[in-house]
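Numbering (the working numbering), first residue to last: 112 to 289.
Glycine is no exception: its CB is placed at the ideal position from the N, C-alpha and C atoms.
Since we're looking at a predicted model, the values are computed, not measured.
Read through the structure below, which is laid out as C-alpha cells, and then see the notes.
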Amino acid sequence: MGAPGDGWRAVVLALHALVRAEAAAEAHAAGVEAADLEQSVWLRLLERRPAPEVPADPARWVRAAVRAEVRGARRRSRRERAYTVGGPPGDWAGSPERIAVGADERRALRTAVGRLPGRCPRLLEAMLAPHDPTYREIAGELGMSQGSLGPMRSRCLGCLRRMLAAEVVAPEPRGMER
C-alpha cells in the first residue's frame, strides 16, 4: 500500500509535460499566461476527478481541458471592460483621505525639522519656503557662504533621515505592527 499522496503524484508525473505543452501552445492565442492556463487545467483535474487516477485517454482529456479553459478565458476577456471613470481605482490623489495623510506627513516633517541640531532647522525651513528662494538668498538670510550650503544641507538631511527612520515603527514578524 502506498503513501496517501502517491496516486496524485503519479497523475501529475504522467500528465505534467503534456499539460505544460498544451498550455504553452494555446495560451498566446487566448491572451493569457501559459502558467495561469496550466494552473487552471490542474485545478480542473482536481475538481473533476474523484479518484487519483490518470484519465483513460490522457492526451485527449488534457487537450479538452486546455481548450475549455481557453474558451472561458476568451469569454471573460470579451466581458471585461477597462475602468475609465475618474482614473484608476487605486488613484486617490485628490481624495480627502490623501489630503489628510499629506497634511499629517507635512506636520510630522516640520516637527522633525524643528528638532534638528544647530543651524539645520533654519536651513531646511529656508529651503522649504513656499517662495522657493535661491542658494544666494538662503546664504544671505543665514549669514553663511553659498558654497557651504550644499554640504550643510547634506548633513542636515542625513540627520533628518536617521531621525525619521528611528521614529518609524518596525513591523513584527508576519507583518504585524507593534
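- Leaving aside the five residues that flank L129 on each side, the residues in its chain whose CB is nearer than 8 Å to its CB run, in chain order, P169, A170 and V173.
- Only exposed fits S265, as fewer than 16 other CB atoms lie within 10 angstroms of its CB.
- Taking the C-beta atoms as reference points, R230 is found nearer than 8 Å to L253.
- Taken through DSSP and simplified to helix, strand or coil, D147 comes out as helix.
- When the Cα atoms are used, Q257 and M263 turn out to be separated by approximately 10 Å.
- Per DSSP, the continuous alpha helix (DSSP H) segment holding P207 begins and ends at P207 to G225.
- Distance check between A223 and each of R185, L154 and L268 places L268 closest, using alpha-carbon atoms only.
- Between the region 140-147 and the region 182-193 there are three or more C-beta pairs closer than 8 Å, enough to call the two in contact.
- At least 8 Å separates the beta-carbon of A132 from that of L148.
- Excluding sequence positions up to five before and after A176, its CB lies within less than 6 Å of the CB of V152 and R155, all in the same chain and listed in chain order.
- Apart from the 5 residues on each side of it in sequence, P232 sits with its Cβ closer than 6 Å to the Cβ of V224 and G225 in its chain, given in chain order.
- Taking L235 as the centre and dropping the five residues before and after it, the same chain places the C-beta of V224, L227, R264, C267, L268 and L271 closer than 8 Å to its C-beta, in chain order.
- For A276, the uninterrupted alpha helix (DSSP H) run begins and ends at L260 to E278, by DSSP.
- Per the coordinates, the alpha-carbon of D215 lies some 10 Å from the alpha-carbon of R209.
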